[in-house]
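Numbering (this note's numbering), first residue to last: 39 to 187.
Backbone N, C-alpha and C define an ideal beta-carbon position, used for all residues, glycine too.
The structure presented is a predicted model; accordingly, all values stated were derived computationally and were not measured.
Quick notes on the structure that follows.
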């Protein structure tokens, strides 16, 4: 089984390391043949600066992953409406992963990236409460349920 964590330019580092370390801990508790392969990939660059300024070197870009079973879309960090122009290649890759059977999971503001792909249209979603109005304005086809965590 394969799990991929997709990191964007301003993703908070804790949102990457938390899920990554939980999956690694789970792997240490099961036999080798039942372990999950965990990859961390970047949307646009391999050296990633978190929202706190910490830099992390990511070995791969998203496009090296042809297929994954689980795809965690990490938060995109602080959201500014006029910068919600996501790379078309990333959006297509998300759709392709979904069409190939991947389970897509967004964390916090990662819902903006997932919504921009069109995959949330007609579905319920949630995001950070601070961005509720902006999300509704940008993605009216998504049923935002900000009271759900």
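Around the beta-carbon of residue 62, fewer than 16 other beta-carbon atoms lie within 10 Å, marking it exposed. DSSP places residue 165 in the coil class of the three-state scheme, outside both helix and strand. DSSP places residue 100 in no beta strand (DSSP E); its state is neither H nor E.
DSSP places residue 42 inside the beta strand (DSSP E), whose first and last residues are 40 to 45. Residue 117 and residue 131 have their C-alpha atoms some 21 angstroms from each other. Residue 181 is bridged by DSSP to 162.
Residue 143 is bridged by DSSP to 110. Distance check between residue 73 and each of 160, 39, 153 and 110 places 39 closest, using alpha-carbon atoms only. Distance between residue 133 and residue 155, taken at the CA atoms: about 7 angstroms. In this model, residue 176 and residue 93 are separated by some 30 angstroms (Cα to Cα). Per DSSP, reduced to three states, the secondary structure at residue 76 is strand. Excluding its 5 nearest sequence neighbours in each direction, residue 166 has C-beta neighbours in its own chain below 7 angstroms: 146 and 147, listed in chain order.
Below 8 angstroms, enough C-beta pairs join the segment 104 to 124 and the segment 42 to 60 to call them touching: three or more. Across the set 76, 91, 115 and 90, the C-alpha of 76 shows the shortest separation from the C-alpha of residue 98. Going by beta carbons, residue 183 and residue 164 fall inside the 8 angstroms limit.
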